[in-house]
């Protein structure tokens, strides 16, 4: 049975200040991991989960995002003329993998505001929100699991992962009630609590499945610190209207908004790469041995 969740929203309007100066003139979402920009991993994950309608929320200086998923006839002609058929197939597939739309967020007023910009496109349909800083490799089935949970219960689902309580001040955090080993009912949600105030060790990750009622709660949220509208606050208001579930996962996530995780993603996905993986793994082995890092 085909899921009713067929739309995804990818907020990609951030300034990428943690990666300056690399992001001064290019979007952080276009930084490469091996041979693909980060946002392509996110789009491919959506497509694997059956999403065929994707809205990317962009901002000033993000035109290369649109160009990446568009046709480039001059490049295609060059590749065909020189017999580079495999590469030709790859770049043509980018424009055909899903219906990809774009809308600009006029001002960077927070994740909640970015999601609210999608209201006209999403309408009264359930939809997925996927943060571009979080990429999942093929080991992770978290998005499919969340969509299956929505199809079963008809309610919003947030992705959760276990972290030390000492790190909760960097994440949203939930108060859970167990349903199954991998599913909880969210009783409360707090944005970046102090460790002493964290209701659990379950942190909210960058994947969400929402009922359309989230837009109504986003309208009620008042700007907080820095004038930003927090998505976490809107989820808290949604809890007053309907049940929200949390889907717990543990594998396959890279937070490429952090430099160390960006490097980890490059190494681990590089080792898994079908063309260079073996050679790269051998290089790393020699490197560790030569530097006496083992």
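Numbering (our numbering), first residue to last: -2 to 291. Don't be surprised by glycine CBs; every beta carbon is placed ideally from N, CA and C. The structure presented is a predicted model; accordingly, all values stated were derived computationally and were not measured.
Cβ contact (3+ pairs, closer than 8 Å) linking the region 215 to 226 and the region 144 to 162 = no
Grab the span of the beta strand (DSSP E) containing residue 288 for me, first residue to last. Counting along the chain, residue 288 falls outside any beta strand (DSSP E), and DSSP gives it neither H nor E.
(Q) Taking its Cβ as the centre, do 16 or more other Cβ atoms sit within 10 Å of residue 102, making it buried, or is it exposed? (A) buried
Query raised in the report: Near residue 251, which residues of its chain fall below 6 Å by C-beta distance, leaving aside the five closest residues on each side in sequence?
Result: 132, 258, 262
- Message: Give me the DSSP bridge partner(s) of residue 173.
- Response: 183
Residue 147 in three-state terms, based on DSSP | helix
Rounded separation between residue 77 and residue 84 - CA only:
9 Å
Check: What number of angstroms, rounded off, separates the C-alpha of residue 205 from the C-alpha of residue 183?
Finding: 13 Å
Continuous alpha helix (DSSP H) stretch holding residue 232: start and end
228 to 235
- request: Give the straight-line distance between the Cα atoms of residue 72 and residue 41, rounded to the nearest whole angstrom.
  value: 22 Å
Take the Cβ of residue 137 as the centre, count every other Cβ of all protein chains shown within 10 Å, and call the residue buried at 16 or more, exposed below. buried
**Message:** For residue 49 and residue 180, what's the separation of their Cα atoms in angstroms?
**Reply:** 26 Å
On the CB-based measure, 16 or more other CB atoms within 10 Å of its CB, does residue 80 come out buried or exposed?
exposed
Report task. Would you grab the beta carbon distance between residue 43 and residue 111 for me? Rounded to a whole angstrom, and I think it's under 8 Å. Result -> That belief does not hold up - the Cβ atoms of residue 43 and residue 111 are roughly 17 Å apart, past 8 Å.
- Item | Residues of its chain near residue 281, where Cβ-Cβ distance is below 8 Å and the 5 sequence neighbours each way are ignored | 264, 268
Exercise. Would you call residue 9 buried or exposed, if buried means 16 or more other Cβ atoms sit within 10 Å of its Cβ?
Worked result: buried
Exercise for review: To the nearest angstrom, report how far apart residue 243 and residue 175 are at their CA atoms.
Suggested key: 9 Å
Taking its Cβ as the centre, do 16 or more other Cβ atoms sit within 10 Å of residue 147, making it buried, or is it exposed? buried
When the Cα atoms are used, what is the spatial distance from residue 185 to residue 90? 42 Å
Checklist line | Secondary structure, alpha helix (DSSP H): runs of 4+ residues fully inside the region 73 to 151 | finding: 82 to 91, 108 to 113, 116 to 119, 139 to 150
For this session: Using a threshold of 9 Å, state whether the C-beta atoms of residue 1 and residue 122 are closer than that.
Result: yes
Fill in: Which listed residue (33, 60, 127) has its alpha carbon closest to that of residue 87
33
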